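Here is the structure we will look at, set down as structure tokens.
2 protein chains.
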Amino acid sequence: MKTSEKNIERLLLYRRILISFKNIGKTNIYSKQLASLADSTPAQVRRDIMSIGYSGSPVHGYDLEKLIDSISEFLDSNNLQKVALVGLGHLGRSIIDYFQGRRPKLMIAAVFDRDPDKIDRVMHGCRCYSNEKILKVIPKENINIAIIAVPASGAQDVADLLVQAGIKGILNYAPVKLTLPPDIYVENRDMILAVEKVAYFARKITTEGSST
Amino acid sequence: MKTSEKNIERLLLYRRILISFKNIGKTNIYSKQLASLADSTPAQVRRDIMSIGYSGSPVHGYDLEKLIDSISEFLDSNNLQKVALVGLGHLGRSIIDYFQGRRPKLMIAAVFDRDPDKIDRVMHGCRCYSNEKILKVIPKENINIAIIAVPASGAQDVADLLVQAGIKGILNYAPVKLTLPPDIYVENRDMILAVEKVAYFARKITTEGSST
DNA sequence: AACATATTGTGAATAAATTCACAGCGTTAA
DNA sequence: TTAACGCTGTGAATTTATTCACAATATGTT
């Protein structure tokens with residue numbers, strides 16, 4: 001059962017789509033339908049579903065509920081998985097807004113900021129700690145993933161602290177390349193690079209389109 | 213000169229790294245160094261640089277300034293490229309903070325929100341328009357890319373409007389899969405999926421590590 | 001002037017990801 | 001009962017991406 005990053009990304013997306021498909025009253029789905037909703041191909045969808053060991057029926061396609069459960073069993077932790085958020089500026093607050101309560105198995109369990117004004121305030125049910133508490137709180141709460149939402153200048157220091165505290169996965173929103181040990185999983189969500197990328201492809205579309 | 217998405221992503225990252233390398237006083241760089249800074253391999257770096265038609269010297273590696281210029285020539289528009297931002301909640305404001313002024317060829321030229329309280333306020337030098345003005349302002353300002361930073365529920369409607377207004381590239385932060393014409397480039401930056409992905413790989417590292 | 005060195009550029013090899021294409025299978029219809 | 005249908009599961013083919021490996025090269029050294 002070899003799974004690449006892309007596999008996992010697609011499975012996460014499928015689950016999202018399947019849940020909303022179920023919420024509009026459907027009970028089953030075909031690879032063709034799911035592919036079209038996920039901008040993929042039917043063969044890709046079947047391969048991905050095969051990779052988690054689930055089987056559909058040649059007549060009814062995939063049972064929505066069972067498929068969602070199978071994907072969740074594959075993707076999720078059995079227990080609640082706790083997340084730390086560092087940085088309570090606009091970005092950090094928007095992450096809480098978008099995220100909190102959306103996934104049953106994931107929970108923002110601690111929030112850190114270096115601004116003394118924010119320390120000890122409670123945001124959306126999370127108490128805000130000073131950055132110095134990272135080393136103490138993260139092991140105590142048994143948190144293994146963290147979101148970095150601080151300005152570029154502070155990101156590497158925060159990352160180092162997080163790693164020292166035992167974090168294994170980092171979602172980094174700061175526009176810097178972090179230097180970290182190889183056994184830490186890092187997902188970079190650099191906003192500037194993202195805009196630049198879109199700009200490149202938008203331009204490409206525009207100029208290609210006009211060259212006919 | 214065939215370039216894939218991954219190529220472009222790496223080139224954007226290289227540029228970022230090269231610029232900061234230059235800022236600490238260096239004048240040239242070897243594929244080996246750049247690879248290590250970008251978590252890549254020397255061969256990959258050379259291939260990527262080859263793909264934009266730049267050549268280094270077997271003795272001095274790559275001239276920093278010239279390489280940065282070559283990459284920029286390849287990636288950037290000649291003229292200023294304008295960006296629209298829709299949604300001025302916490303996320304939208306953090307995008308302005310992180311982004312504005314960072315890239316010389318890209319500029320947030322218009323900001324939209326549906327909250328009447330925000331209309332006509334000026335944020336970081338950008339006047340905020342009502343969403344209804346999208347169809348008017350975007351063609352007038354000749355904007356071809358947009359960032360969606362609204363809640364999930366409003367994202368599809370906003371996207372439809374943007375496409376109608378002539379947008380060619382969308383950076384979507386809302387946690388929904390947008391349904392759009394095939395000639396529009398969409399980059400999804402779904403925060404929930406991102407956290408889920410990190411959670412999966414962090415768990416995998418944790419459990420693999422403990423199985424020795 | 002000849003040699004040693006370290007790096008680039010790239011054809012060829014390899015690995016990874018995707019797509020093709022079709023056998024096999026329940027179900028429905030006659 | 002039998003035939004026809006449309007879908008899944010998957011081996012094989014194809015395409016795409018990455019890495020290998022080495023000739024070519026410019027410089028410093030003796």
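In order, the protein sequences belong to chains Y and X. Those letters in the first sequence? Residues 1 to 212, per the working numbering, in order. Those letters in the second sequence? Residues 213 to 424, per the working numbering, in order. The beta-carbon is built from N, C-alpha and C at its ideal position, and this holds for glycine as well. All values derive from a computational prediction rather than experimental measurement.
Quick one: what's glycine 381 (chain X) bridged to in DSSP? Mapped onto the second sequence, residue 381 (chain X) falls at position 169. Beta-bridge pairing links glycine 381 (chain X) to X:Ile357, X:Tyr397.
Quick one: measure Cβ to Cβ for cysteine 340 (chain X) and aspartate 325 (chain X), integer angstroms, because I've assumed they're closer than 8 Å. Your numbering for residue 340 (chain X) matches position 128 in the second sequence. Your numbering for residue 325 (chain X) matches position 113 in the second sequence. For cysteine 340 (chain X) against aspartate 325 (chain X), the beta-carbon gap comes to about 6 Å, under 8 Å, which counts as contact.
Terminal residues of the continuous beta strand (DSSP E) containing serine 130 (chain Y)? Taking the first residue of the first sequence as 1, we reach residue 130 (chain Y) at position 130. Element bounds for serine 130 (chain Y): 126-130.
Using only alpha-carbon positions, find the residue among X:Ile331, X:Asp275, X:Pro270 that is nearest to lysine 345 (chain X). Residue mapping note: residue 345 (chain X) aligns to position 133 of the second sequence, counting from 1. Ranking X:Ile331, X:Asp275, X:Pro270 by Cα distance to lysine 345 (chain X) puts X:Ile331 first.
I need the DSSP call for leucine 67 (chain Y), collapsed to helix, strand or coil. For this step, residue 67 (chain Y) is matched to residue 67 along the first sequence. Three-state result, leucine 67 (chain Y): helix.
Under 8 Å by beta carbon: chain Y residues contacting glycine 268 (chain X): Locating residue 268 (chain X) in the second sequence gives position 56, counting from the first residue. Those do not exist, as glycine 268 (chain X) stays about 21 Å from chain Y at its closest Cβ, beyond 8 Å.
For serine 97 (chain Y), which of X:Asp260, X:Lys409, X:Ala386 has the nearest alpha-carbon? The sequence position of residue 97 (chain Y) within the first sequence is 97, counting from 1. The question names serine, yet the displayed sequence has aspartate at residue 97 (chain Y). With distances taken between Cα atoms, aspartate 97 (chain Y) lies closest to X:Ala386.
Report all residues from its chain with a CB closer than 6 Å to the CB of valine 349 (chain X); omit the five preceding and five following residues, and keep chain order. Along the second sequence, one-based indexing puts residue 349 (chain X) at 137. Excluding sequence neighbours, valine 349 (chain X) sits near Ala322, Tyr341.
I'd like to know whether the C-beta of serine 282 (chain X) is nearer than 8 Å to at least one C-beta of chain Y. Your numbering for residue 282 (chain X) matches position 70 in the second sequence. Answer no: the Cβ-Cβ gap between serine 282 (chain X) and chain Y never drops below 8 Å.
Chain Y within 8 Å of isoleucine 382 (chain X), Cβ atoms only: Counting from 1 along the second sequence, the entry for residue 382 (chain X) is found at position 170. Chain Y, which has a Cβ nearer than 8 Å to the Cβ of isoleucine 382 (chain X), makes this yes.
Would you call the stretch 226-246 of chain X and the stretch 283-291 of chain X touching, i.e. three or more CB-CB distances under 8 Å? yes
Enumerate in chain order the residues of its own chain whose CB-to-CB distance from lysine 380 (chain X) is below 8 Å, with the five nearest sequence positions on each side excluded. By one-based count along the second sequence, residue 380 (chain X) stands at place 168. If we look at lysine 380 (chain X) and ignore the five residues flanking it on each side, its Cβ neighbours are Asn356, Ile357, Asp395, Ile396, Tyr397.
Work out the CA separation of glutamine 368 (chain X) and isoleucine 68 (chain Y) for me, nearest whole Å. The residue given as residue 68 (chain Y) occupies position 68 in the first sequence. The residue given as residue 368 (chain X) occupies position 156 in the second sequence. CA-to-CA, the gap between isoleucine 68 (chain Y) and glutamine 368 (chain X) works out to about 24 Å.
Does the Cβ of asparagine 172 (chain Y) have 16 or more other Cβ atoms within 10 Å, making it buried, or fewer, making it exposed? Indexing the first sequence from 1 puts residue 172 (chain Y) at position 172. By the 10 Å Cβ count, asparagine 172 (chain Y) comes out buried.
Please confirm whether glycine 304 (chain X) and alanine 361 (chain X) have their CB atoms less than 8 Å apart. Mapped onto the second sequence, residue 304 (chain X) falls at position 92. Mapped onto the second sequence, residue 361 (chain X) falls at position 149. In contact: glycine 304 (chain X) and alanine 361 (chain X) (Cβ atoms closer than 8 Å).
Proximal residues of chain X, C-beta to C-beta of asparagine 144 (chain Y) below 7 Å: Sequence index remark: in the first sequence, residue 144 (chain Y) carries index 144 (1-based). Those within 7 Å of asparagine 144 (chain Y) in chain X are Ala414, Thr418.
Let's see if you can read the secondary structure: which residues bound the alpha helix (DSSP H) around aspartate 309 (chain X)? Residue 309 (chain X) sits at position 97 when you count from the first residue of the second sequence. In the DSSP assignment, aspartate 309 (chain X) falls within the unbroken alpha helix (DSSP H) covering 302-311.
What runs of the alpha helix (DSSP H), each 4 residues or longer, lie entirely inside the stretch 9-49 of chain Y? 31-37
May I ask you to report which of helix, strand or coil DSSP gives serine 57 (chain Y)? Taking the first sequence and counting its residues from 1, one reaches residue 57 (chain Y) at position 57. DSSP places serine 57 (chain Y) in strand when its eight states are reduced to three.
Would you call valine 59 (chain Y) buried or exposed, if buried means 16 or more other Cβ atoms sit within 10 Å of its Cβ? Within the first sequence, residue 59 (chain Y) is the residue found at index 59, counting from 1. Classification of valine 59 (chain Y): exposed, given that the 10 Å Cβ count is below 16.
Coarse secondary structure for leucine 318 (chain X), derived from DSSP in three states: For the purposes of this step, residue 318 (chain X) is identified with residue 106 of the second sequence, where counting begins at 1. Leucine 318 (chain X): strand per DSSP, three-state reduction.
Identify the contact partners of phenylalanine 311 (chain X) in chain Y, using a Cβ-Cβ distance below 8 Å as the criterion. Here the question's residue 311 (chain X) lines up with position 99 in the second sequence. For phenylalanine 311 (chain X), the chain Y residues whose Cβ falls inside 8 Å of its Cβ are Met191, Ile192, Val195, in order along the chain.
Which residues, in chain order, does the stretch 153-178 of chain Y contribute to contact with chain X at a C-beta distance below 9 Å? Ile167, Lys168, Gly169, Ile170, Leu171, Tyr173, Ala174, Pro175, Val176, Lys177
Return the residues of the stretch 213-238 of chain X that lie within a Cβ-Cβ distance of less than 8 Å from chain Y, sorted by chain order. Cβ contacts with chain Y: Glu217, Ile220, Glu221, Leu224, Leu225, Arg228, Ile229.
From threonine 239 (chain X) to aspartate 63 (chain Y), what does the alpha carbon distance come to, in whole angstroms? Residue mapping note: residue 239 (chain X) aligns to position 27 of the second sequence, counting from 1. Residue mapping note: residue 63 (chain Y) aligns to position 63 of the first sequence, counting from 1. Using only the alpha carbons, I get a separation of about 60 Å.
Short-range partners of chain Y found in the stretch 289-317 of chain X, where Cβ spacing is below 7 Å: From the stretch 289-317 of chain X, only Ser289, Gln293, Val295, Gly301, His302, Leu303, Arg305, Ser306, Ile307, Asp309, Tyr310, Phe311, Arg314, Arg315 have a Cβ closer than 7 Å to chain Y.
At the level of alpha carbons, what is the spacing between glutamate 9 (chain Y) and methionine 319 (chain X)? Within the first sequence, numbered from 1, the residue matching residue 9 (chain Y) stands at position 9. Within the second sequence, numbered from 1, the residue matching residue 319 (chain X) stands at position 107. Using only the alpha carbons, I get a separation of about 30 Å.
Say whether chain X places a C-beta atom closer than 8 Å to the C-beta of tyrosine 129 (chain Y). Position 129 of the first sequence, counted from the first residue, corresponds to residue 129 (chain Y). Tyrosine 129 (chain Y) has a beta carbon lying at 8 Å or more from every beta carbon in chain X.
Could you have a look at aspartate 76 (chain Y) and say whether DSSP puts it in helix, strand or coil? To locate residue 76 (chain Y), count along the first sequence from 1; it is residue 76. Aspartate 76 (chain Y) falls in the coil class under three-state DSSP.
Are the Cβ atoms of glutamine 81 (chain Y) and alanine 411 (chain X) separated by less than 8 Å? For this step, residue 81 (chain Y) is matched to residue 81 along the first sequence. For this step, residue 411 (chain X) is matched to residue 199 along the second sequence. Closer than 8 Å, so yes.
Threonine 212 (chain Y) CB to nearest chain X CB: under 8 Å? To locate residue 212 (chain Y), count along the first sequence from 1; it is residue 212. Model confidence at threonine 212 (chain Y) stands at a pLDDT of 47, short of 50, so the residue's coordinates are unreliable and nothing is read from them.
Quick check on DSSP: helix, strand or coil for serine 216 (chain X)? In the second sequence, the residue the question calls residue 216 (chain X) occupies position 4. Serine 216 (chain X): coil per DSSP, three-state reduction.
Just confirm the distance between the C-beta atoms of serine 57 (chain Y) and arginine 46 (chain Y), as a whole number of angstroms; I'd bet it's less than 8 Å. In the first sequence, residue 57 (chain Y) corresponds to position 57, counting from 1. In the first sequence, residue 46 (chain Y) corresponds to position 46, counting from 1. Contact flag wrong, Cβ pair sits at about 13 Å.
Would glutamate 187 (chain Y) pass as a contact of lysine 409 (chain X) if the rule is Cβ separation under 8 Å? Position 187 of the first sequence holds residue 187 (chain Y). Position 197 of the second sequence holds residue 409 (chain X). Taking 8 Å as the Cβ cut-off, glutamate 187 (chain Y) and lysine 409 (chain X) qualify as a contacting pair.
Run through DSSP, which three-state label would lysine 204 (chain Y) get? As a first step, residue 204 (chain Y) is located in the first sequence; it is residue number 204 there, counting from the start. Looking at lysine 204 (chain Y) - three-state DSSP - the assignment turns out to be helix.
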